[in-house]
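Reviewing the structure listed below.
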Amino acid sequence: MASSDVDVLFEVRTAFYLGNYQHCITEAQKIRPPTAALGVERDVLMYRAYIAQRKYAVVIDEVKSSSASELQAVKLLAQYLHSRGKREALLKELETKINAGVDADNDTFLLMAASIFYYEQKFDSALRCLNQAESLEGAAMRVQLYLAMHRVDLAKKEVRGMQEKDDDSTLTQLSQAWVGLGVGGEKYQDSYYIFQEMADKTTPTPLLLNGQAVSYIHQAKYEDAESLLLEALSKDNNNPETLVNLVAVSQYLHKPHEVAYRYLSQLKDGHPEHLFVKEYLEKHGGRASTDGLPGRGSKGEGRGTRGHHDSRARGKEEEEVQDKEEDEPPTVEPEPEPQEPAPVSAAPPPTLEAHAVEEDEPPAPVAKPVTQTPPQKTLDLFEDDEPPPPPHVSSQEEEAEDLQQYELEITVSDPEKVGDGMGAYIVYCITTKTTVPAFKSPEASVRRRFSDFLRLHNKMAETHLPKGRIVPPAPEKSVRGMTTVKFSKSEEGNAMFLERRQAALQRYLNRVAKHPVLRKDADFIDFLENPAELPKATETTALSGAGFMRLVKNVGQSISKIASKKSETDSWFDEHQQNYEALDAHLKKLHQAIEGMIYSRKELCTTTGNFVKSVATLGNVEENNTVSRALSRLSEVQEKVESLHSEQIKQDLFTFGETVKDYISLLGAIRAAFDMRVRAYHVWQTCQQTLSKKREQEQKLTASGKMEKLQAVKTEIEEWEKKVEESQKAFEDASKTLKTEVTRFESERAAEFKEKIIRYLESLMSMQQELIRVWEGYLPDATAISVDQ
1 MASSDVDVLF EVRTAFYLGN YQHCITEAQK IRPPTAALGV ERDVLMYRAY IAQRKYAVVI
61 DEVKSSSASE LQAVKLLAQY LHSRGKREAL LKELETKINA GVDADNDTFL LMAASIFYYE
121 QKFDSALRCL NQAESLEGAA MRVQLYLAMH RVDLAKKEVR GMQEKDDDST LTQLSQAWVG
181 LGVGGEKYQD SYYIFQEMAD KTTPTPLLLN GQAVSYIHQA KYEDAESLLL EALSKDNNNP
241 ETLVNLVAVS QYLHKPHEVA YRYLSQLKDG HPEHLFVKEY LEKHGGRAST DGLPGRGSKG
301 EGRGTRGHHD SRARGKEEEE VQDKEEDEPP TVEPEPEPQE PAPVSAAPPP TLEAHAVEED
361 EPPAPVAKPV TQTPPQKTLD LFEDDEPPPP PHVSSQEEEA EDLQQYELEI TVSDPEKVGD
421 GMGAYIVYCI TTKTTVPAFK SPEASVRRRF SDFLRLHNKM AETHLPKGRI VPPAPEKSVR
481 GMTTVKFSKS EEGNAMFLER RQAALQRYLN RVAKHPVLRK DADFIDFLEN PAELPKATET
541 TALSGAGFMR LVKNVGQSIS KIASKKSETD SWFDEHQQNY EALDAHLKKL HQAIEGMIYS
601 RKELCTTTGN FVKSVATLGN VEENNTVSRA LSRLSEVQEK VESLHSEQIK QDLFTFGETV
661 KDYISLLGAI RAAFDMRVRA YHVWQTCQQT LSKKREQEQK LTASGKMEKL QAVKTEIEEW
721 EKKVEESQKA FEDASKTLKT EVTRFESERA AEFKEKIIRY LESLMSMQQE LIRVWEGYLP
781 DATAISVDQ
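Just so you know, we're using UniProt numbering here: the sequence shown kicks off at 1 and counts up by one.
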């Protein structure tokens, strides 16, 4: 594939956005861009990575006055951060340049200028610069600024625009995660899985680990958060966001004061200009103290702060908040840090500010005290517009008979690229042959794009997960693969990616088709039969692969601090959850080993190909005819061996590797179903608690003789008694269904693994037999070599 066909800076750019700065620099130094413009962009990314590492002198020394204007802009940012005494003069210089007129095409200058204004807390000036920036980087920074200005509504709107431009972009997904932290509620869990998915696909950088940790802190999972933060600290022991978050978490875990003070001292030594350090020292007059940090002190103290989304972003919801508890998880901010900036095109790492604020103290310039996040709504099974209860589900025997009686075969084929550039996408032909009565026709053919599959999965999960059914997960997204497809002009280069995705989509649809209830789902049938184009899916980044659980609102999040865990009365569920956790760990190790085997086999093919060329060349120059013929035949044999190994790679991948990968995702689907059952239990318990309070209220009214209010309370009691009965039934039905689903899963897993392993072994045997046949065919040529010539 020609270098101009692909984004040669993709790896460099992604590493920079995710905070993997050294990798960004290393990869940038390896690349030889085909054009001067790409060379400038490479240098811009590399020098910005140096700035993120606080190596300002490297940028200042290497960028000359004759360098490109984009590099001069990066140098200006480095000078601003490096020379504290010259910042005022540099700021005036920047304002003079802006007043003289800015080249709207110089995106780098706009971003650097906005970054300086950002650190100066001049958000309006930063936005005026970015109004001319149309790139995703400009949009990502506008998201930061809106969050800093407490305008979550505008940040959400900006993210929607980014999704329309390129939903797969790393910046789009990062921005969505930071906005999720700003919105709160169930979005904390959504943000966690975005950070986790990125870490799984690339590498867990301090930026991503801090994002996951902050999401955990909001769910009161302090020990899990601490584990992630310690991992981040091991990668960068001087990262200010990590240190601030560790100060807060150590207080929430009620660790000795010395632990928090150790992190605080390290932060003060390494980052004396950090906003948290300044506010802390102002509060305590330079004293070393941990009083007033999160988790300590009386009500009104120890509240976390966030610069991007405080109470003004909450609107009316904040008015409903009362009785803030002492240990409520603080809120989160992507903290601007003048001395040590994160990449200006992506929001700085989420920071949990440990900040003591008195009740009557005015808010600090950036880090503002925030009231408690509004209580999360519990699932209301009894609203007037609630859909009718599901029809009666047939017994397991009837379902099995239905599967045997009616066939449903689905094939995904003919991937076709539509459009060019960032707006390009792939559509697939889906052919269905069936005898299921619910379908209108025995055969149907439609064309669907990848986001349509994610939308289907989202709908089915929302419908069936609350009832205890295991919904097979949709295939995961591949940002790298789709970026290559969008910009590549070589069909051959995209063949493996498209073949792999096509096979994954077909497996997904056929897994759904094997489920006796899901195969009759109205959305599933419409997806397979309706020839019309489906509405465009939104927020599809939250619907795939490792992020499966993000598609279910509130799944896995703490309903409340008290009811965050269910005291399990049925040991069957505990045993199976533990078994699946162990199975998940072993499958992940197996999949990693398979990927290593595939990589080694690819290297073997490459080495064999080089050997073929060398032997063929040697045969052409050999004067002994029999030796020459033997070498030529050896070249042909080795070429056949290379071909056999290439074919075996496909068997390693599609027959074995992808099956293991599918079951890793399916275990995530099972966890989602288990979590939904726990949620149903909490709804039931909440109804019971409310009913108890109403009965107590009835007794008090009866004793006090307030008969005018008594009838209204009795009516409410009758309503809550009905709700308790219905919620209990919903929980018990979900538990029963989930047991049936797990039994079906175990049966199908055993049968599928048996079939796949046998097929894989047969492919290995076939390859070995073919290798023996090829080498036996070569033996006469080797023995025919004449030693007398």
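Glycine is no exception: its CB is placed at the ideal position from the N, C-alpha and C atoms.
Candidates the options: closest to residue i by CA position
{"i": "A225", "options": "Q266, S215 and G185", "result": "S215"}
{"i": "V724", "options": "W684, A734, A474 and D61", "result": "W684"}
{"i": "L171", "options": "R759, S692 and Y17", "result": "Y17"}
{"i": "S83", "options": "K97, Y56, S67 and K440", "result": "Y56"}
{"i": "residue 795", "options": "P531, L275 and L264", "result": "The shown model of the chain, from 1 to 789, leaves out residue 795, and the question about it has no answer."}
{"i": "Y188", "options": "A438, K221, V159 and D523", "result": "K221"}
{"i": "A126", "options": "S135, V152 and I98", "result": "I98"}
{"i": "F524", "options": "D105, G777, T715 and P472", "result": "P472"}
{"i": "A474", "options": "Q121, A504 and C129", "result": "A504"}
{"i": "K640", "options": "E623, G609 and D652", "result": "G609"}
{"i": "Y681", "options": "E726, V660 and E719", "result": "E726"}
{"i": "W775", "options": "T655, E719 and R633", "result": "R633"}
{"i": "T108", "options": "S135, R87 and K92", "result": "S135"}
{"i": "R48", "options": "A751, V12 and S646", "result": "V12"}
{"i": "P437", "options": "Q405, M460, K417 and F453", "result": "Q405"}
{"i": "D269", "options": "P256, D452, N237 and E623", "result": "N237"}
{"i": "H457", "options": "Q502, V512 and Y425", "result": "V512"}
{"i": "D7", "options": "I25, Y21, T26 and R42", "result": "R42"}
{"i": "K417", "options": "A593, K693 and A495", "result": "A495"}
{"i": "A532", "options": "E88, R449 and T202", "result": "R449"}
{"i": "L90", "options": "A100, K75 and Q53", "result": "K75"}
Simplified DSSP state of residue i, which is helix, strand or coil
{"i": "L403", "result": "helix"}
{"i": "E409", "result": "strand"}
{"i": "T690", "result": "helix"}
{"i": "V259", "result": "helix"}
{"i": "S125", "result": "helix"}
{"i": "E443", "result": "strand"}
{"i": "I785", "result": "coil"}
{"i": "T205", "result": "coil"}
{"i": "T435", "result": "coil"}
{"i": "P272", "result": "coil"}
{"i": "residue 791", "result": "Beyond the ends of the chain as shown, which are 1 and 789, falls residue 791; an answer cannot be given."}
{"i": "R32", "result": "coil"}
{"i": "R54", "result": "coil"}
{"i": "V427", "result": "strand"}
{"i": "R449", "result": "strand"}
{"i": "Q502", "result": "helix"}
{"i": "V774", "result": "helix"}
{"i": "A546", "result": "Because A546 sits at a pLDDT of 39, beneath the cut-off of 50, its placement in the model cannot be relied upon, and the following sentence gives the value as read from the coordinates. Three-state DSSP puts A546 in a helix."}
{"i": "G657", "result": "helix"}
{"i": "Q79", "result": "helix"}
Inter-residue CB distance, residue i and residue j (contact presumed, cutoff 8 Å)
{"i": "S250", "j": "V259", "result": "5 Å"}
{"i": "L181", "j": "S191", "result": "5 Å"}
{"i": "V660", "j": "L590", "result": "6 Å"}
{"i": "L528", "j": "A616", "result": "That pair is no contact at about 51 Å."}
{"i": "V427", "j": "R447", "result": "5 Å"}
{"i": "L77", "j": "M112", "result": "5 Å"}
{"i": "I60", "j": "Q79", "result": "6 Å"}
{"i": "A750", "j": "R677", "result": "Not really, about 24 Å apart at Cβ, beyond 8 Å."}
Residue i and residue j closer than 8 Å at C-beta
{"i": "G419", "j": "E741", "result": "no"}
{"i": "D662", "j": "R507", "result": "yes"}
{"i": "L174", "j": "G138", "result": "no"}
{"i": "Q648", "j": "F611", "result": "no"}
{"i": "S600", "j": "G619", "result": "no"}
{"i": "F656", "j": "K756", "result": "yes"}
{"i": "Q651", "j": "Y760", "result": "yes"}
{"i": "E241", "j": "N210", "result": "yes"}
{"i": "I785", "j": "V627", "result": "yes"}
{"i": "T26", "j": "T202", "result": "no"}
{"i": "E658", "j": "C605", "result": "no"}
{"i": "A672", "j": "L465", "result": "yes"}
{"i": "L230", "j": "V247", "result": "no"}
Minimum Cβ-Cβ distance from residue i to chain C less than 8 Å
{"i": "K613", "result": "The structure shown contains no chain C; it is built from a single protein chain."}
Proximity test, residue i beta-carbon vs the ligand GTP heavy atom, cut-off 7 Å
{"i": "S169", "result": "In terms of ligand content, the structure shown is empty, and the ligand GTP therefore cannot be addressed."}
### Message
Quick test of the definition: if touching needs 3 or more C-beta pairs under 8 Å, does the segment 26-35 touch the segment 60-71?
### Response
No, the segment 26-35 does not touch the segment 60-71.
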